[in-house]
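So the structure is just underneath, and the comments pick up after that.
In this note's numbering, the protein residues as written are 792 to 1766.
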């Protein structure tokens, strides 16, 4: 085909065929009828037909496309249908007279038409967010398709096509005339020139074969996995199939992903990695891939602009143009070299380090061995109490160390805590690509290598052969534009010799680029290849050790017993907390919405100081006599209802509930206990026996000992009886259980229950339920245990204790978790009569329960709860957050109900609001997506379909809104 013919093709609008005319074609030539709807296309006209027995696609093509080209498409589809392991592709239908391609005339215009099976599945193009699993699956699909087409041959593949990346340069020139914005046209043209220059030297090494050349988010169909994530497994629209560059096929796929990338071009790497694992690329192909992606982006945006000018009513092209502009802008947001380095690393190709043999000293009068390096990482001992939030803190610390040592420096490759930003959906750039040196002003600075001086805006760059040195904080002695030799003095450190100055040092392999000072953890490897370590000048002590979270997880699994699980499949390595935030070792800040142990928030200096002070004085066990024990017991008793004035101090909620059960047995003389289904009370033998949550123990319902008698879960949302008025129905269901115990003659020891259904997601019990149940239990001589381990201690906001919401007073209260803000501390509060009952069986002792340190920790928590008015904050912020969550129910069908109060809330996800089918897989995926957005969240409930929302009580309105915003983002964009 001539270039002129190709140009004519590029200017074609879609065939002018109405839906009524399309129906007539289908009925006349294929004997098909039904309901018709138009599908989008750039230059074809496509319709979908639903006959009631099946769905089909009518493709109408201009005669400018040779029949041989259409036959090649059909032959490729037939070929793929015979290849095991190939992606799903549609089957072709023949006309009533046996033709695969039919020529039809509509209003004096002749077209070629075909009918294909409509391939079921969902397109990816309208999903704003695609998870890594989907991105990787798309790359693997592209590879499987290319592999299956490797031996496919057809004369119709030798065609001239505007999308053929081998012709990208000339095609772009022809398309640019349609762009009226001269600035945009020039930018696009310059971009294509840069891309072509990088492709041309590699072109002869790139493999050529049959390629689909349009495996995009729009041309694949996907099915949801168990988590509701789309996994592409089928390919449609073979209109661009050619014999072309194999790597160009992958470039097309990767370019289509960029409009899902939220501005991050490295987002495509999982697709490339999956492709390379399935159908390995050569080193030349790996190097050419990014320039080809950029070239594709240019062709897309230029073609889109042209098509709109030709066919202004083409809504498909108009809508796609916005995506194409995003693709182009994202592709141009980083240097070519960055993406090339990242892609080549997938193939095991590392970028070579600059050779520093023959380099001279940068600071001739400084012995680099004398430089003291300052730790500014997440685990640095210099940080406490949020002092890293002060924007001057890094420099203050550096100057302090320099005052002591003479010269001090920060480390390259360190994840700086001061760079972490809270309440951010994206990780901030925390990885240092430079080093700062603090030393006396006036120190001479020399050129380590020969080069040219570029000095502007107080920033000096020494441009050498393949390497540039960027310096700030220098008073230059060499003129701008001067050529200097290695070892020649180029300036001095700013400031006089009696004061400290700061010199910032950064290396870069790209001439003319002013590199960023910091990178995100995500792109740290790629930027490190472009901005190598100043250790080439300062020695290896300049480099911070890189954390290896995966290796640490392997060590954990090697010795930490397997039943002790961790959150998330690939958990971040958490090493610091502050208020309602946690920080991983890479400086990513997360909003902690799940850590109910840290009721005050993380890193509270008042609590840390109190514990440290007491530990320096004394820490022993409660059989010794000391003030803290008496005072803490007194204060706990004062929090309980009148008559509950005896306190046992233990180490955990499991121990507290275990002891409560022993007290019930001792006081009643019986052993039978009532509990509620879906409940959780701990891991000791006794507390586990009354725990019936199948999420925590899948065998819970079949392994309860004979003395445990579970009652139907009074779950007002999905239980047997629903609504706040269901108490009488649930109580009626308890009567046969009680009667069976009565008939056994063994007596009833009591009942244990959370007054608010914590493990089910904060679901309140129906009004009057505990009052009725307690009355039945007490009538039989049993005692009533309120497990407040999760829901008590002010977390509910409106009440200090959960049982207050039910209007009852228990006989025994168990507490833990919040009591010590993470310090192992639990308690049982009961009456003197019940406490004394245990003494008949012997004394009770907990080695560290009630220790001086534990008592001080507990009292300090109570002090801070009062001083910072945290219960009231839980009420106000919790009510606000609950309102935000309730609004989501109106927008998203998957959001079924909001449970709880204060800062113990649950958002329940369902697949169907009528059947209440639990959205278990989706909930897990939503939690993983929230993690990516900087929010810590986990599922709870027997079906693991409820978000357990129980953050520190210092949670602010701003943080609550961030959580609600991120959750809405996930539900809107996908997970």
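Heads up, the beta-carbon is just placed ideally off N, CA and C, and yes, glycines get one too.
Output the distance between the C-alpha atoms of residue i and residue j, rounded to the nearest integer angstrom.
i: residue 1003; j: residue 1739; result: 46 angstroms
i: residue 980; j: residue 1059; result: 24 angstroms
i: residue 1051; j: residue 1383; result: 27 angstroms
i: residue 1091; j: residue 1218; result: 30 angstroms
i: residue 1637; j: residue 1413; result: 8 angstroms
i: residue 1451; j: residue 1593; result: 17 angstroms
i: residue 1762; j: residue 1683; result: 7 angstroms
i: residue 1315; j: residue 1398; result: 36 angstroms
i: residue 1591; j: residue 1577; result: 13 angstroms
i: residue 1198; j: residue 1154; result: 11 angstroms
i: residue 1238; j: residue 976; result: 41 angstroms
i: residue 1216; j: residue 1084; result: 27 angstroms
i: residue 1306; j: residue 1363; result: 28 angstroms
i: residue 1595; j: residue 1200; result: 58 angstroms
i: residue 1449; j: residue 1629; result: 13 angstroms
i: residue 945; j: residue 849; result: 23 angstroms
i: residue 952; j: residue 855; result: 12 angstroms
i: residue 1667; j: residue 1588; result: 8 angstroms
Please classify residue i: does DSSP put it in a helix, a strand, or coil?
i: residue 1031; result: coil
i: residue 1745; result: coil
i: residue 1019; result: coil
i: residue 1100; result: helix
i: residue 985; result: helix
i: residue 1000; result: strand
i: residue 1079; result: helix
i: residue 880; result: coil
i: residue 1634; result: coil
i: residue 808; result: coil
i: residue 1390; result: coil
i: residue 1227; result: strand
Going by DSSP, what residue range makes up the beta strand (DSSP E) through residue i?
i: residue 1159; result: Here residue 1159 belongs to no beta strand (DSSP E), and DSSP marks it neither H nor E.
i: residue 1437; result: 1437-1441
i: residue 1250; result: 1250-1254
i: residue 1542; result: 1539-1544
i: residue 908; result: 900-908
i: residue 839; result: 836-841
i: residue 1244; result: 1242-1247
i: residue 1683; result: Run containing residue 1683: none; DSSP gives neither H nor E here.
i: residue 847; result: 846-853
i: residue 1740; result: 1737-1740
Return the Cβ separation of residue i and residue j in integer angstroms, given the expectation that the two are a contact with Cβ distance under 8 angstroms.
i: residue 1070; j: residue 867; result: Contact doesn't hold; Cβ gap of about 17 angstroms is too wide.
i: residue 1679; j: residue 1686; result: 5 angstroms
i: residue 1140; j: residue 1074; result: 6 angstroms
i: residue 1734; j: residue 1709; result: 4 angstroms
i: residue 1580; j: residue 1606; result: 6 angstroms
Within the continuous alpha helix (DSSP H) that includes residue i, where are the two ends?
i: residue 1594; result: 1594-1597
i: residue 1402; result: 1396-1408
i: residue 1568; result: 1560-1570
i: residue 1720; result: 1711-1723
i: residue 1350; result: 1340-1350
i: residue 1131; result: 1127-1137
i: residue 1320; result: 1315-1321
* **Meets three-Cβ-pair contact criterion under 8 angstroms: the segment 803-814 and the segment 896-904** => A contact exists between the segment 803-814 and the segment 896-904.
* To do: Kindly confirm or deny that the segment 1146-1159 and the segment 1264-1282 touch, where touching means at least three C-beta pairs closer than 8 angstroms.
  => Contact between the segment 1146-1159 and the segment 1264-1282 is established, with three or more Cβ pairs separated by less than 8 angstroms.
* Asked: Touching or not, the segment 906-922 and the segment 868-888, by the rule of three or more beta carbon pairs under 8 angstroms?
  -> Touching, per the Cβ criterion.
* Any 3 or more C-beta pairs closer than 8 angstroms across the segment 1526-1536 and the segment 1474-1489 -> At 8 angstroms Cβ cutoff, the stretches do not touch.
* Asked: Is it a yes or a no for the segment 1260-1267 touching the segment 1291-1300, going by three-plus beta-carbon pairs under 8 angstroms?
  -> Yes, the segment 1260-1267 touches the segment 1291-1300.
* Spell out a yes or no on whether the segment 1720-1734 and the segment 1642-1656 are touching, meaning 3 or more CB-CB pairs, one atom from each, closer than 8 angstroms. => No: the two stretches stay apart, fewer than three of their Cβ pairs being nearer than 8 angstroms.
* Asked: Any chance the segment 958-975 sits against the segment 1040-1055, with 3 or more Cβ pairs inside 8 angstroms?
  -> Touching, no, given that fewer than three Cβ pairs across the two stretches are closer than 8 angstroms.
* For the 8 angstroms Cβ check, are there 3 or more pairs between the segment 1690-1706 and the segment 1355-1371? -> The segment 1690-1706, when compared against the segment 1355-1371, does not touch it at the 8 angstroms Cβ threshold.
* Are the segment 1153-1170 and the segment 1186-1198 touching, with three or more C-beta to C-beta distances below 8 angstroms? -> Verdict: yes, contact present.
* **Contact the segment 1536-1553 vs the segment 1566-1581: 3+ CB pairs below 8 angstroms** => Three or more beta-carbon pairs separated by less than 8 angstroms link the segment 1536-1553 to the segment 1566-1581, which places the two stretches in contact.
* Asked: Taking contact to mean at least 3 C-beta pairs separated by less than 8 angstroms, is the segment 1111-1123 in contact with the segment 1091-1103?
  -> Contact check between the segment 1111-1123 and the segment 1091-1103: three or more CB pairs, one atom from each, fall below 8 angstroms, which counts as touching.
* So does the segment 1550-1567 actually touch the segment 1518-1527, counting three or more Cβ pairs closer than 8 angstroms? -> Because the criterion of three Cβ pairs below 8 angstroms is met, the segment 1550-1567 and the segment 1518-1527 touch.
* **Touch test, the segment 1244-1256 against the segment 1312-1329, Cβ-Cβ under 8 angstroms, three pairs minimum** => The segment 1244-1256 vs the segment 1312-1329: no contact.
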